[in-house]
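Read through the structure below, which is laid out as structure tokens, and then see the notes.
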Amino acid sequence: FSDTGSYSRTVSAVLAADPAVVLVSRTARGTQLLSILTQALASVGLPEPQALERRHFDEKEGQSLLEEATVVGLQQSDFQSKFVACASFTALWRFIESTMELRLQASAAHVVFRCASDTMVIDSSTARLLELVRSARGHENNRKCILSLFNFRTPGGARLLRQSLLQPLANLSEIRARQAAVEALLKNEELFYDLQRLLPAVGDVDLLVARLTAQPKNRGPQWCKAAIRTAVRMRHALAALPQLAETLVPVLRSSQNSPPALFVEARTLLTQARFGELLQELDRVLDSSNPPAVGGSGSMAHAALMYCVKSNVSALLDVARQTWSEALEQIHMLHREYAVKYPELNLRLEFAERRGWYLS
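Going by our numbering, the sequence shown opens with residue -13, and the numbers climb by one from there.
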């Protein structure tokens, strides 16, 4: 969230985030800001703002949540002066918990605060005319906008570039830090291609963090599948971190003056000891001999997901898998029986994620 101080900055910040939903207080009805914001959202095909009761914008609760969370860019002593941002954070927190049936963990939340003065203002009309992230000729022509000229190796990189186009940096130190990192990549071609090769293995870190921060109120079969997939993606990401950190070592040593600050910070984050501990715990639980394909579907992916967790980790899981195997064997026997009894129907046994096993 940001401390936006004008209508144009507010609209620009909202559009840069590409939000799924925009929350406003019901007391904002009839105001000029809400009217401008609604028009700006409609111009880029986003839904209208959703109104919440004023009581959900509780700055005291927001301060308490931020005190438990990890906040970057804002000191704890400044929380009270940023009461609008704290109140908005509370409304967003309650909205997510009520609409998505989740319980968020404040201690696992990571919040980044950026002052409005750190970025330039590009209003929605200018961004549309320049075709920065969307084509002015419709969504089907979005491949012809400026954003489509770049290639992304991670989803996080795509989001950062989009934000940089709509909210260019105005902070001189941050600009120089990025320029130093780009200059180092231009001088070291091997490093550039190594990072391009290794970064996709990290995946969408923001998505992993979001899933680890939230806990569902009702843990059903879908949650179990999502939890296993998240654990598999987490292991892939953690396994790629040491190699990424080692890739940055030569450029840090070869720098004549001081090494690029962004690379120094990146390597410090990548070499934290807790990442190795998490990877060891995941290796203890997950079976690495036949891991499920990330994003895979079909019966083989479903079976791989069932046996992704090692045996003897959970007695209840072992019993459930044995029961599932016996039921699957009965399904195949029934299919063979029907295929022999009704050969003219050419029955096939198929699997769909929603329907399960069925005959066609």
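Quick reminder that beta carbons are idealized off the backbone N, C-alpha and C, glycines included. Every value quoted in this text rests on a predicted model; they were computed, and no experiment measured them.
How would you write the range of the alpha helix (DSSP H) that residue i sits in, first residue to last?
| i | result |
| --- | --- |
| Ala200 | Per DSSP, Ala200 belongs to no alpha helix (DSSP H); it is in the beta strand (DSSP E), 200 to 202. |
| His321 | 301 to 327 |
| Thr105 | Looking at the DSSP string, Thr105 is not in any alpha helix (DSSP H), and its letter there is neither H nor E. |
| Arg80 | 69 to 85 |
| Thr89 | It is worth fixing the name first, because residue 89 is Arg in this sequence and not Thr. Here Arg89 belongs to no alpha helix (DSSP H); instead the beta strand (DSSP E) covers 88 to 90. |
| Glu175 | 175 to 188 |
| Ser150 | 141 to 152 |
| Thr420 | Lying before the first or after the last residue shown, residue 420 is absent from the chain, which here runs from -13 to 346. |
Let me check one thing: in DSSP terms, what residues is residue i bridge-paired to?
| i | result |
| --- | --- |
| Gly342 | Ala338 |
| Leu272 | Val295 |
| Leu115 | Its beta-bridge partners do not exist; DSSP assigns none. |
| His288 | Beta-bridge pairing links His288 to no other residue. |
| Val168 | DSSP, once it has assigned bridges, lists no residue as partnering Val168. |
| Leu155 | Thr105 |
| Val97 | Val57 |
By Cβ distance, which residues of its chain are closer than 8 Å to residue i, with the 5 residues on each side in sequence left out?
| i | result |
| --- | --- |
| Thr140 | Leu185, Pro186, Val188, Gly189, Asp190, Val191 |
| Ala166 | Pro246, Ala247, Leu248 |
| Glu175 | none |
| Leu155 | Asp104, Thr105, Met106, Ile161, Arg164 |
| Ala28 | Glu34 |
| Leu318 | The sequence as given places His at residue 318; Leu does not occur at that position. Once the five neighbours on either side are set aside, the close Cβ partners of His318 are Leu335. |
| Leu303 | Val295 |
| Ser88 | In the sequence as presented, Ser is not what sits at residue 88; that position holds Leu. Closer than 8 Å at Cβ, skipping near neighbours: Ile82, Ala200, Gln201, Pro202, Lys203. |
| Val237 | Ala170, Asn174, Leu177, Pro245, Pro246, Phe249 |
For residue i, which residues of its own chain have a beta-carbon under 6 Å away from its beta-carbon, when the five flanking residues on both sides are left out?
| i | result |
| --- | --- |
| Leu38 | Leu9, Ala77 |
| Leu171 | Phe178 |
| Leu19 | Tyr(-7) |
| His96 | Thr56 |
| Leu333 | Tyr324, Ala325, Leu345 |
| Gln61 | none |
Apart from the five residues on each side of it in sequence, which residues of its chain come closer than 7 Å, Cβ to Cβ, to residue i?
| i | result |
| --- | --- |
| Leu90 | Trp79, Ile82, Glu83, Thr199, Ala200 |
| Leu265 | Arg221, Leu224, Ala225 |
| Ala231 | Arg253, Leu256, Thr257 |
| Glu336 | Tyr344, Ser346 |
Hey, is residue i close to the ligand ATP, as in C-beta under 8 Å from one of its heavy atoms?
| i | result |
| --- | --- |
| Leu171 | This structure lacks the ligand ATP, and indeed carries no ligand of any kind. |
Measuring CB atoms only, is the segment 41 to 48 touching the segment 64 to 76, in the sense that at least three cross pairs come out at less than 8 Å? Under the three-pair Cβ rule at 8 Å, the segment 41 to 48 counts as touching the segment 64 to 76.
Could you say if the segment 54 to 70 and the segment 23 to 35 meet the contact criterion of at least three C-beta pairs nearer than 8 Å? The segment 54 to 70, when compared against the segment 23 to 35, does not touch it at the 8 Å Cβ threshold.
With a cut-off of 8 Å, do at least 3 Cβ pairs link the segment 145 to 158 to the segment -3 to 4? yes
My parser needs the beta strand (DSSP E) runs of 3 or more residues fully inside the segment 199 to 239; what are they? DSSP runs (the beta strand (DSSP E)) wholly in the segment 199 to 239: 200 to 202.
On the three-pair Cβ rule with 8 Å, is the segment 221 to 234 touching the segment 295 to 303? no
Going along the chain, which unbroken runs of the alpha helix (DSSP H) with 4 or more residues stay wholly within the segment 3 to 63? Correct list: 18 to 29, 45 to 54.
With three or more beta-carbon pairs closer than 8 Å as the criterion, would you say the segment 45 to 55 touches the segment 88 to 107? yes
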